[in-house]
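**Student:** The sequence shown begins at 132 in the numbering used here and counts up by one.
C-beta: ideal position from N, C-alpha, C; glycine also.
Values in this document were obtained by computation on a predicted structure and should not be read as measured data.
Before anything else, here's the structure in question.
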Amino acid sequence: MSPRSRPILIIGALILPVLSTPFAYGQRARATPDEQIIREAVPVKSGARVDLFQHGLTADPALVETAEHALTRMEGLLGQKLDESTLGPRIRIYVSAGTAISHVWRGYDHPSDPKAVLFLNSRVARLALRGTNATYAHELAHLLTWRFHSHTLREGLADYLALQVLPGAGVGPNIEGYASPPDVPPEVEAYLGTTRAPPDALMNDGQFRRSYYFASYRFVRFLIEQAGMATFLKLYEARDPESEFSRLYRASRKELALAAAK
């Protein structure tokens with residue numbers, strides 16, 4: 132694929148080329164490779180469970196305490212701890228000038244090589260300490276729920292947990308939060324609760340991306356409010372969640388998605 136034919140990712144007013152395999156590392160624009168960041172990063176501070184590193188900038192050591200507080204809070208909400216047998220006991224956070232979009236190791240493909248590693252851009256790290264952006268908690272939530280079969284349930288749960296930690300904060304592509312949520316087109320609704328792969332539009336359509344993440348959050352919030360976290364996690368962990376909606380919620384996936392949108 133030539134540089135001219137590569138898709139682009141719109142981040143606010145900034146337009147960046149996307150990796151030729153857009154979902155190999157999830158929602159990443161072309162930036163410094165994660166492996167390079169890890170090699171070049173400098174340690175900043177270690178807490179009880181989190182190690183913080185900086186790369187090409189100065190990271191505030193206070194982020195360690197903020198992250199550990201969020202981690203403990205989300206473990207309580209889930210009723211489960213970090214999977215230390217797979218991920219190990221410690222989480223490594225890299226705040227890097229070379230990270231365009233915050234993400235966990237391998238992004239959407241994290242389960243193929245699970246590691247307790249995440250990468251934050253400087254804006255997300257800065258606003259986390261101000262309490263106005265919950266993206267750092269969203270990425271930490273992915274580590275706590277790293278096995279997934281439905282991408283929308285994965286992203287919706289991460290937003291739900293993050294916004295329990297920082298209600299009203301911006302999160303992911305919805306940097307202004309959900310006080311004025313985006314419209315959700317029918318093509319986004321069709322993905323909710325399914326095992327369909329993330330659509331290409333996530334990488335080249337900023338409005339679609341905002342709608343997709345909001346709809347996923349709204350759907351997960353509705354399901355948790357209807358039957359609680361324990362029931363939702365049974366759905367989340369199911370290899371074929373579409374077959375489980377009727378058993379767990381006594382309604383079809385489509386019926387539940389429509390109800391969540393009301």
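Where are the alpha helix (DSSP H) runs, 4 residues long or more, that stay fully inside the region 196 to 227, in chain order?
**Tutor:** 215 to 218
**Student:** Just to confirm the assignment, what range does the alpha helix (DSSP H) spanning valine 173 have?
**Tutor:** Taking the first residue of the sequence shown as 1, we reach residue 173 at position 42. Where valine 173 is concerned, there is no enclosing alpha helix (DSSP H), although the beta strand (DSSP E) it sits in stretches over 173 to 177.
**Student:** So, tyrosine 267 versus leucine 251, is the Cβ gap smaller than 8 Å?
**Tutor:** Along the sequence shown, read from residue 1 onward, the residue named residue 267 stands at position 136. Along the sequence shown, read from residue 1 onward, the residue named residue 251 stands at position 120. Going by C-beta atoms, tyrosine 267 is nearer than 8 Å to leucine 251.
**Student:** Using the rule of at least 16 other Cβ atoms within 10 Å of the residue's Cβ for burial, across every protein chain shown, is threonine 152 buried or exposed?
**Tutor:** Within the sequence shown, numbered from 1, the residue matching residue 152 stands at position 21. Per-residue confidence for threonine 152 stands at a pLDDT of 32, beneath the threshold of 50, marking its modelled position as unreliable; no derived number is given.
**Student:** Could you check the C-alpha separation between valine 315 and lysine 385 for me, to the nearest Å?
**Tutor:** Within the sequence shown, residue 315 is the residue found at index 184, counting from 1. Within the sequence shown, residue 385 is the residue found at index 254, counting from 1. One C-alpha to the other measures close to 15 Å.
**Student:** Helix, strand or coil: how does DSSP classify valine 315 here?
**Tutor:** Translated into positions along the sequence shown, residue 315 becomes position 184. The answer is coil: DSSP assigns valine 315 none of H, G, I, E or B.
**Student:** Straight-line CA distance for lysine 176 to valine 195?
**Tutor:** Start at 1 with the first residue of the sequence shown, and residue 176 comes out as number 45. Start at 1 with the first residue of the sequence shown, and residue 195 comes out as number 64. Computed Cα separation, rounded: 7 Å.
**Student:** Are the CB atoms of glycine 187 and alanine 231 within a distance shorter than 8 Å?
**Tutor:** Within the sequence shown, residue 231 is the residue found at index 100, counting from 1. Within the sequence shown, residue 187 is the residue found at index 56, counting from 1. In this structure, glycine 187 does not lie closer than 8 Å to alanine 231 by Cβ.
**Student:** Could you tell me which whole beta strand (DSSP E) segments of length 3 or greater appear in the region 329 to 374?
**Tutor:** none
**Student:** Does DSSP put phenylalanine 279 in a helix, a strand or coil?
**Tutor:** Along the sequence shown, read from residue 1 onward, the residue named residue 279 stands at position 148. Note: phenylalanine 279 maps to coil in three-state DSSP.
**Student:** Taking the straight line between their C-alpha atoms, what separation do you get for isoleucine 222 and arginine 261?
**Tutor:** Taking the first residue of the sequence shown as 1, we reach residue 222 at position 91. Taking the first residue of the sequence shown as 1, we reach residue 261 at position 130. Going by C-alpha positions, isoleucine 222 is about 22 Å away from arginine 261.
**Student:** Is there contact here, the region 324 to 337 with the region 360 to 376, by at least three beta-carbon pairs under 8 Å?
**Tutor:** yes
**Student:** For alanine 247, which residues in the same chain have their Cβ closer than 6 Å to its Cβ, ignoring the five residues on either side in sequence?
**Tutor:** Within the sequence shown, numbered from 1, the residue matching residue 247 stands at position 116. The answer, listed in chain order, is Leu218, Gly219, Ile222 and Leu274.
**Student:** Less than 8 Å between C-beta atoms, sequence neighbours within five positions excluded: which residues of the same chain meet that for arginine 204?
**Tutor:** Mapped onto the sequence shown, residue 204 falls at position 73. Taken in chain order, the residues that qualify are Gln295 and Val296.
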